[in-house]
Amino acid sequence: MKTEQPILITSIPFTATIDPNYEIPQHSVVNKDGAVTSEGNIGIGVATNTYTFPSGLASDNPVISAIAKGIALCISSEAITKGALVRPTDNGKVTDSDVFPDNFPFGIALDGCASADELIRILLI
């Protein structure tokens, strides 16, 4: 059984411009604006819940709760090797890579996985 061990959970004010029915899935990496990361974004934390914005207005749910330190469950974007340094990619998922935004990895994979869309434990750094 894979478990999260959050040390620091923080609130991130949601300031991104979004479309109606925008969703932030639980276990997605979020950026400084509270939105799901895309390629090249720096991840601030991992969403603790699923958040939806039916009208597309940030006022629907203005604060995102995210794990910023500790061990978080994240969604893989591809096969990842246990022990690999990971970074956020499109759709708030993680990938292993030698190239990191601003040369800063997001975390270390504590589990390996064989394909995309698997939950793996990431030690956030």
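Counting with my numbering, you get residues 4 to 128 for the letters of the sequence shown. Even glycine gets a Cβ: it sits at the ideal position worked out from N, Cα and C. Predicted model only: the values in this text are computed from it and were never measured.
Per DSSP, cross-strand counterpart(s) of residue i
| i | result |
| --- | --- |
| V39 | V33 |
| E81 | None; E81 has no bridge partner. |
| I27 | Y54 |
CB of residue i within 9 angstroms of CB of residue j, strictly
| i | j | result |
| --- | --- | --- |
| E42 | D99 | no |
| I47 | I15 | yes |
| C77 | V97 | yes |
| N24 | P57 | yes |
| G115 | I125 | no |
| S79 | I123 | yes |
| K85 | A112 | yes |
| I83 | E7 | no |
| A19 | E81 | no |
Given residue i as reference, the closest of the options once Cα atoms are compared
| i | options | result |
| --- | --- | --- |
| P9 | A117, S68, V39, F17 | S68 |
| L127 | A71, G37, I27, Y25 | A71 |
| P91 | A38, M4, T13 | A38 |
Start and end residues, beta strand (DSSP E) containing residue i
| i | result |
| --- | --- |
| P16 | 8-16 |
| K72 | 66-78 |
| P91 | 88-91 |
| T55 | 54-56 |
| G48 | 48-50 |
Kindly provide the ranges of any beta strand (DSSP E) runs that are 3 or more residues long and lie completely inside the region 99-125, ordered along the chain. 110-112
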